[in-house]
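Number of protein chains: 2
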Amino acid sequence: MKDRTNLCAPEKCLEPAAVGGFAQGETDRSDHDLARLAKALGHPARVRIVRILHQRKTCICGELVGQLPLAQSTVSQHLKILRQAGMIEATNDGPRVCYRLVSGSLVALKKLVSQL
Amino acid sequence: MKDRTNLCAPEKCLEPAAVGGFAQGETDRSDHDLARLAKALGHPARVRIVRILHQRKTCICGELVGQLPLAQSTVSQHLKILRQAGMIEATNDGPRVCYRLVSGSLVALKKLVSQL
DNA sequence: GTCTTTCATCGTAATTTTACGATATACAGT
DNA sequence: ACTGTATATCGTAAAATTACGATGAAAGAC
Numbered sequence: 001m002k003d004r005t006n007l008c009a010p011e012k013c014l015e016p017a018a019v020g021g022f023a024q025g026e027t028d029r030s031d032h033d034l035a036r037l038a039k040a041l042g043h044p045a046r047v048r049i050v051r052i053l054h055q056r057k058t059c060i061c062g063e064l065v066g067q068l069p070l071a072q073s074t075v076s077q078h079l080k081i082l083r084q085a086g087m088i089e090a091t092n093d094g095p096r097v098c099y100r101l102v103s104g105s106l107v108a109l110k111k112l113v114s115q116l
Numbered sequence: 117m118k119d120r121t122n123l124c125a126p127e128k129c130l131e132p133a134a135v136g137g138f139a140q141g142e143t144d145r146s147d148h149d150l151a152r153l154a155k156a157l158g159h160p161a162r163v164r165i166v167r168i169l170h171q172r173k174t175c176i177c178g179e180l181v182g183q184l185p186l187a188q189s190t191v192s193q194h195l196k197i198l199r200q201a202g203m204i205e206a207t208n209d210g211p212r213v214c215y216r217l218v219s220g221s222l223v224a225l226k227k228l229v230s231q232l
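Respectively, the protein sequence lines represent chains A and B.
Residue 79 in the working numbering sits at position 79 of the first sequence, and the numbers go up by one each step.
Residue 189 in the working numbering sits at position 73 of the second sequence, and the numbers go up by one each step.
As structure tokens, this is what we get:
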């Protein structure tokens, strides 16, 4: 077989090679940051969730489930992905969970994209 | 087992539910378009490729391979993903292949992101 | 206390992604 | 025709993604 520790998935990709001359750790970080946010938006359901949260400023999980043609557990999974990417956050409201966009996350994304 | 024809991956996701009241096929298409482009940028190597092509306006495949800590076949695979997403295109230059950004693809991405 | 509601997590399966080496293909030069 | 260079594609394996139902955990209602 071979090593296959996946040089790219975590945070190692593109960094070894970049040391080969001109220091561009800046670019590397941008690459990873943008890739991380882009990946989080790489599914229509998650784009939709972000859109809804942008409109309603805040939204209960159950309402999001109602807006999507997916099982509750699947929506919960998508919410987790967006949370791990730092795009949304949640607070508890009794038995309910209130989601909202992380302030500045959209601005950060737009900035990274505009720098392309 | 069950059906599991994956209602989301192709182009079906979010469309059945959207018919439940206010017609918003517009939003659905935007969701899919943005998700498609975002997914294409959802890997640091592909972000890097797009950045390089933006700088140098045009680039031979081999140079891209030299800039990335990945095997030639892997880079070729990433290029294929970007091509299928409509972000880059290629022309043959002798035995070499010359890649460039598809004119307007970045603008389209920026527009979709700015509409978030 | 016991329900009920709301959501996250678990277990699982199918599919996709990511990576590599090996091989095929296409073109230029000799 | 043969050689070498450049690239794509194939075969394969590991890991991640996407989806679902079932189960678990927390909080309010009774």
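Every residue gets a Cβ at the ideal spot worked out from N, C-alpha and C, and that includes glycine.
Being a predicted model, the structure only gives us computed values, none of them experimental.
Kindly say whether R48 of chain A, judged by its beta-carbon, lies nearer than 7 Å to any beta-carbon of chain B. yes
State the DSSP-derived secondary structure class of C217 of chain B, mapped to helix, strand or coil. A small fix is needed here, since residue 217 of chain B is Leu in this sequence, not Cys. Strand at L217 of chain B.
Give the list of continuous beta strand (DSSP E) stretches no shorter than 3 residues that lie fully inside the stretch 170 to 231 of chain B. 204 to 209 and 212 to 217
Is the stretch 31 to 46 of chain A close to the stretch 161 to 180 of chain B, with three or more CB pairs under 8 Å? yes
For F22 of chain A, count the other beta carbons within 10 Å of its own beta carbon; 16 or more makes it buried, fewer makes it exposed. Which is it? Interpretation of F22 of chain A is limited by its pLDDT of 43, a score under 50 that renders its predicted location unreliable; no figure is taken from the coordinates.
Min CB distance D149 of chain B to chain A below 7 Å: no
Secondary structure of L37 of chain A, DSSP reduced to three states: helix
Exposed or buried, A154 of chain B, counting other C-beta atoms within 10 Å across all chains shown (16 or more means buried)? buried
Between the stretch 170 to 184 of chain B and chain A, which residues of the former have CB atoms less than 9 Å from a CB of the latter, in chain order? H170, G182, Q183 and L184
Contact check, M87 of chain A vs V107 of chain A, beta carbons under 7 Å: no
Neighbour-count burial assignment, G178 of chain B, 16 or more Cβ in a 10 Å radius: exposed
Using a Cβ-Cβ distance cut-off of 7 Å, determine whether A187 of chain B contacts chain A. no
Buried or exposed: where does G42 of chain A fall if 16 or more other Cβ atoms within 10 Å of its Cβ makes it buried? buried
Taking CB distances under 7 Å as the criterion, tell me whether V107 of chain A reaches chain B. no
L79 of chain A CB to nearest chain B CB: under 7 Å? no
Leaving out the 5 sequence neighbours to the left and right, which residues in its chain are closer than 6 Å to A90 of chain A when beta-carbon positions are compared? V97 and Y99
Check each candidate in B:P211, B:L225 and B:G210 and name the one with the smallest Cα separation from A201 of chain B. B:L225
Measure from the C-beta of V213 of chain B to each C-beta in chain A and report whether the shortest distance is under 7 Å. no
Helix, strand or coil: how does DSSP classify H148 of chain B here? helix
How big is the Cα-Cα spacing for R167 of chain B and G94 of chain A? 46 Å
Excluding the 5 residues flanking I176 of chain B on each side, which residues of the same chain have their C-beta closer than 8 Å to its C-beta? D209, R212, V213, C214 and Y215
Give me the Cα-Cα distance between N73 of chain A and T58 of chain A, rounded to the nearest whole angstrom. This sequence places Ser at residue 73 of chain A; Asn is not what is there. In a straight line, the C-alpha of S73 of chain A is about 20 Å away from that of T58 of chain A.
Listing by chain order, which chain A residues have their CB less than 7 Å from the CB of G158 of chain B? A35, A38, K39 and G42
Are there 16 or more other CB atoms within 10 angstroms of the CB of A187 of chain B, so buried, or fewer, so exposed? exposed
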